[in-house]
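Peer 1:
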Amino acid sequence: MIMTQVLELGCGNSQLCEELYKDGVTEITCIDLSAVAVENMQKKLLSKGFKEIKVLEADMLDLPFSNECFDVVIEKGTMEVLFVDSGDPWNPRPATVTKVMKMLEGVHRVLKPDGVYISISFGQPHFRRPFFEAPQFTWSVEWSTFGDGFHYFFYTLKKGRRSLDDKGSSKEKLEIPSICLFQDELEGEDYLFRTNIDELNC
222 MIMTQVLELG
232 CGNSQLCEEL
242 YKDGVTEITC
252 IDLSAVAVEN
262 MQKKLLSKGF
272 KEIKVLEADM
282 LDLPFSNECF
292 DVVIEKGTME
302 VLFVDSGDPW
312 NPRPATVTKV
322 MKMLEGVHRV
332 LKPDGVYISI
342 SFGQPHFRRP
352 FFEAPQFTWS
362 VEWSTFGDGF
372 HYFFYTLKKG
382 RRSLDDKGSS
392 KEKLEIPSIC
402 LFQDELEGED
412 YLFRTNIDEL
422 NC
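Under our numbering, the sequence shown is numbered contiguously, ending at residue 423.
In structure tokens, the structure reads:
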């Protein structure tokens, strides 16, 4: 059993929490802004016997958790909703910037000092880096690219790993992942499940 405390943002009807639980991660909290989504997820998890997984109605822009309480925060495409009306991607609207920064500040706050934030996104690094690399954050930034033609980006942000003298600490992660991630898994949901959470803290 892995005692890692995991928070999933914008769970919807995702199977992510179920697969993490099957892999031994039992301390999981899922949140979604939709009361209907939360109710449906609760019913589904209870029907499958996943009684320990918590599902809460909450806003990712105002996380109702104490400081430094999660080892891992995960979101899969959830941040994308903040960019729906962003306008020019090179110069997003101030309202968009405010929302994105509020979300990231909340994630940074609830992560433990050596915690990891995982963002799976279609957003390209040159659009995401200005947010991830804001000076108030202490995390390092790495990403891996998956997919042929239409790319997915797997961002790994490790809190407390940003070098004080590094003005731009992000880098593309070029090494081969220790656990194989196959293209057909990227098309589905379980490509994330094969990521060993413990290895992210290395």
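C-beta: ideal position from N, C-alpha, C; glycine also.
For D369, count neighbouring Cβ atoms within 10 angstroms of its own Cβ and tell me buried if that reaches 16, exposed if not.
Peer 2: Counting Cβ neighbours within 10 Å, D369 comes out exposed, since fewer than 16 surround it.
Peer 1: Is it true that the region 254 to 268 meets the region 312 to 320, where meeting means three or more beta-carbon pairs spaced less than 8 Å apart?
Peer 2: Segments in contact, no.
Peer 1: Look up V362 in the DSSP assignment and say whether it is helix, strand or coil.
Peer 2: If DSSP states are grouped into helix, strand and coil, V362 belongs with the strands.
Peer 1: Could you tell me which of G245, L378, A355 and G327 sits nearest to S365, measuring between CA atoms?
Peer 2: It is L378.
Peer 1: Going by beta carbon distance, what residues of the same chain come within less than 6 Å of Q226, once the five residues before and after it are set aside?
Peer 2: The residues are E248, F291 and D292.
Peer 1: The alpha helix (DSSP H) that contains L254, what's its start and end?
Peer 2: Careful: L254 lies outside any alpha helix (DSSP H) and carries neither H nor E.
Peer 1: Assuming G336 is part of the beta strand (DSSP E), what are its boundary residues?
Peer 2: Start and end: L332 to S342.
Peer 1: Given S287, which residues of its chain have a CB within under 8 Å of its CB, disregarding the five upstream and five downstream residues?
Peer 2: V331.
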